[in-house]
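*Asks:* Protein sequence lines correspond, in order, to chains P and C.
Going by our numbering, the first sequence opens with residue 1130, and the numbers climb by one from there.
Going by our numbering, the second sequence opens with residue 1130, and the numbers climb by one from there.
Glycine included, each C-beta is placed from N, C-alpha and C at the ideal position.
Here you go, one structure.
Protein chains: 2
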Amino acid sequence: MHLFYHPENPINGVIVPLDEEVKHIRATRIREGEHVGCTDGKGNLHTCELVTDKKNTALHVLETATFKEKTPRLMLAVAPTKNQDRLEWLIEKAVEIGVHAIIPILSEHSEKPFLKSERLQRVAVAAIKQSEKYFLPRIHELTSFQEVFTMNMAQKFIAHCAVDASKKQLNSVLELGKDALICIGPEGDFSTREIETAKQNGFIAVSLGEERLRTETAGMVATTVFQMKQLL
Amino acid sequence: MHLFYHPENPINGVIVPLDEEVKHIRATRIREGEHVGCTDGKGNLHTCELVTDKKNTALHVLETATFKEKTPRLMLAVAPTKNQDRLEWLIEKAVEIGVHAIIPILSEHSEKPFLKSERLQRVAVAAIKQSEKYFLPRIHELTSFQEVFTMNMAQKFIAHCAVDASKKQLNSVLELGKDALICIGPEGDFSTREIETAKQNGFIAVSLGEERLRTETAGMVATTVFQMKQLL
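What follows is the structure, given as C-alpha cells:
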C-alpha cells in the first residue's frame, strides 16, 4: 500500500493532500477507490480511500492506527558537506535505517554551508514515505556546535579522526537501550578545541571503524552501529 | 598525498599513467617535483615524483611499500538495482568501509540489468583513490545465483525479508575473523526457491535490522556490520 504524508489531522474524516502529494499520487496512477496510507509523521497511519477526479483529490479516512516511536532514539549531529547531494543521501539512508533527528552543525573546519532547509525536510518526507515510517525525523536548522555541546542526552559521542588515546570504538562504548547523540565532523575533522570542549561536556570520543570515512558515510555507519546495537 | 592508480608494475622505475589518471593528475594541479602515491590495487604503494610538461606525464618511483590485504575478507553478492546510480553508490561506500569483491547477481525477481562493467570498475578505482586503499575490489561480471550458491566461503549468508523462523540477525550469527559471503536481494526480495536452495548450500538466512531496506542500503549495512564485528 502506498504511503503519503500530510502533517495535519483529517478534517471530518477527510485529508486534502498538499500539492506535492497530489503530484505523487498522480505519478503512482492509483485509481479512485483504491486504498492508500497517509501518515502525519507523528505516529499516525490513516488507511484511506482515494477519491479523485481530474480536478480534485482527497483521501477519505477508513481507519487510523497509532504507533509509538521506536526507542531508544538517535540524534545525528553532522557538519554538512559542501555538496548538499551527499547530505541528502545521508538523510535518506539515516531515515531508512532509523534516526530521530538530524542536526546540521557549523564547525570550525567547515565553510558555512548554504542549507536549503525546506528541501532537506522534503528529502526526509520522501524517505519516510518510501521506507514506510510513521515518524518524520526533524531536520534542524544549521546549529552552532556550542549549542550541541550543551544538549542533554543519555549518551553523547563525538566521532573524530585525530590521534587520541582516549578514543574507543563506538560499537564498544555505545550502551543499548539509551538515547544517543552522535557528532560527525566535516572532511577536515573537528578541531582540537571542539574535541576538548565536547569531552568537557560529557561527550565520549569515538572511532567508527579503522578507516577514514567521508562525512556522509560516517553518518550512515554511526546510524547502523546504533540500530544494530539495539538488536543484540 | 594524492593517490593514483596504475594496474602494472613500474618499468625502469617509471610509471606512465593511463589517460584517465593523467586527467585526474591535471585536475589536482599537482606541480612537477611534488610527491604522489600510486597503487596497483594489489597491495603496492609507490611513492613517486611527478615529472610533467605540457605533453607528457610520468611518475618516477622513489620507494615502494607493500601491504597485506586486511582480513577477514567480505564478498558482497548483490542483485543490482534497476538504477545503476545506486549500485555505483554502493560500490563507493562498500569500498570505503571495506569490501574484497562485489558480485552482481541475476536473481528471479530482478529484471536482467544492463551492467556497464567497465564503468563499475572505474567507480571502484575512484573509490580506492579517494579512500586511500591499496587493494582494488574486483567488481565481477553479472553472475547467476546458481554460481553463487556453489561458492566456497568460511561463512555464507543470505539476507532476505520474507517470514522465516530460522532467520537470525546478521550481527548475532556473524563470526569474527572469518571470510564471509553475504547475498543481498533485489527490491522484490529473493524467491522462496532461491532462499531454500541457498540454505541447502550452507547459507544462513539473516536479517539486517528490523527495517525493510533498499538494496544498496542493505549492502552498506551488511558491510558495516561485517567490519564492526572485526573490531570487537
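1. How long is the line joining the alpha carbons of Thr1176 of chain P and Arg1267 of chain C, rounded to whole angstroms?
2. Give me, in chain order, the residues of the same chain whose beta-carbon lies closer than 6 angstroms to that of Phe1196 of chain C; leave out the 5 immediate sequence neighbours on both sides.
3. Give the range of the alpha helix (DSSP H) segment to which Ala1256 of chain P is assigned.
4. List the residues of chain C whose Cβ lies closer than 7 angstroms to the Cβ of Val1350 of chain P, in chain order.
5. Kindly indicate if chain C contains any beta-carbon less than 7 angstroms away from that of Lys1296 of chain P.
6. For chain C, is any of its Cβ atoms less than 7 angstroms away from the one on Gly1210 of chain P?
7. For the region 1164-1213 of chain P, which segments carrying the beta strand (DSSP E) assignment without a break, of at least 3 residues, lie completely within its bounds, in sequence order?
8. Using only CA atoms, which one of P:Phe1332, P:Thr1279 and P:His1289 lies nearest to Phe1319 of chain P?
9. From C:Leu1174, C:Lys1296, C:Pro1233 and C:Glu1150, pick the residue whose C-alpha is nearest to that of Gly1348 of chain C; which is it?
10. Return no unless some Cβ of chain P is closer than 7 angstroms to the Cβ of Thr1186 of chain C.
11. Taking a Cβ distance cut-off of 8 angstroms, strictly less, list which residues of the region 1323-1345 of chain P are near chain C, in chain order.
12. Check the Cβ of Lys1222 of chain P against every Cβ in chain C and list those closer than 8 angstroms, keeping chain order.
13. Straight-line CA distance for Pro1315 of chain P to Ser1273 of chain P?
14. Can you give me the Cβ contacts of Val1142 of chain C inside the same chain, cut-off strictly under 6 angstroms, excluding the 5 residues immediately before and after it?
15. Please list, in chain order, the chain C residues whose beta carbon lies closer than 9 angstroms to that of Asn1141 of chain P.
16. Curious, which full-length alpha helix (DSSP H) runs of at least 4 residues does the region 1270-1308 of chain P contain?
17. May I ask you to check if the CB of Arg1215 of chain C is nearer than 6 angstroms to at least one heavy atom of the ligand HEM?
18. Can you say whether Arg1158 of chain P is buried or exposed, counting buried as having 16 or more other CB atoms within 10 angstroms of its CB?
19. Assuming Thr1352 of chain C and Val1228 of chain C make a contact with CB atoms under 8 angstroms, what is their CB distance in whole Å?
20. Give me the chain C residues within the contact set of Asn1078 of chain P, using Cβ-Cβ distance strictly less than 9 angstroms, ordered along the chain.
*Replies:* Let me lay it out:
1. Rounded to whole angstroms, the separation of the alpha carbons of Arg1267 of chain C and Thr1176 of chain P is 46 angstroms.
2. Within the same chain, Phe1196 of chain C has close Cβ partners Gly1172 and Tyr1263.
3. Element bounds for Ala1256 of chain P: Ser1246 to Ser1260.
4. Per Cβ cutoff of 7 angstroms: Ile1226 and Thr1353.
5. No, no contact with chain C.
6. Just to set this straight, residue 1210 of chain P is Thr in the shown sequence, not Gly. No, Thr1210 of chain P does not count as interfacial toward chain C.
7. Entirely contained in the region 1164-1213 of chain P, the beta strand (DSSP E) runs reaching 3 residues are, in chain order, 1164-1168, 1173-1181, 1186-1195 and 1203-1207.
8. Here the closest residue by C-alpha is P:His1289.
9. Residue C:Pro1233 is the option with its Cα nearest to Gly1348 of chain C.
10. Chain P contact via Cβ: absent.
11. Listed by position, the residues of the region 1323-1345 of chain P near chain C (Cβ gap below 8 angstroms) are Gly1338, Glu1339, Glu1340, Arg1341, Leu1342 and Arg1343.
12. Among the residues of chain C, those whose CB is under 8 angstroms from the CB of Lys1222 of chain P are Thr1346 and Met1349, following chain order.
13. Pro1315 of chain P and Ser1273 of chain P: Cα-Cα distance of roughly 14 angstroms.
14. Residue 1142 of chain C is actually Gly in this sequence, not Val. Correct list, in chain order: Val1190.
15. Under the 9 angstroms cutoff, chain C gives no residues; its nearest Cβ is about 34 angstroms from Asn1141 of chain P.
16. With a minimum length of 4 residues, the continuous alpha helix (DSSP H) runs that stay inside the region 1270-1308 of chain P are 1274-1278 and 1299-1302.
17. No copy of the ligand HEM appears in this structure; indeed no ligand is present at all.
18. Its Cβ having fewer than 16 others within 10 Å, Arg1158 of chain P is exposed.
19. The Cβ separation is near 6 angstroms, so the contact holds.
20. Residue 1078 of chain P falls outside the range modelled here, since chain P spans only 1130 to 1361, and no answer is possible.
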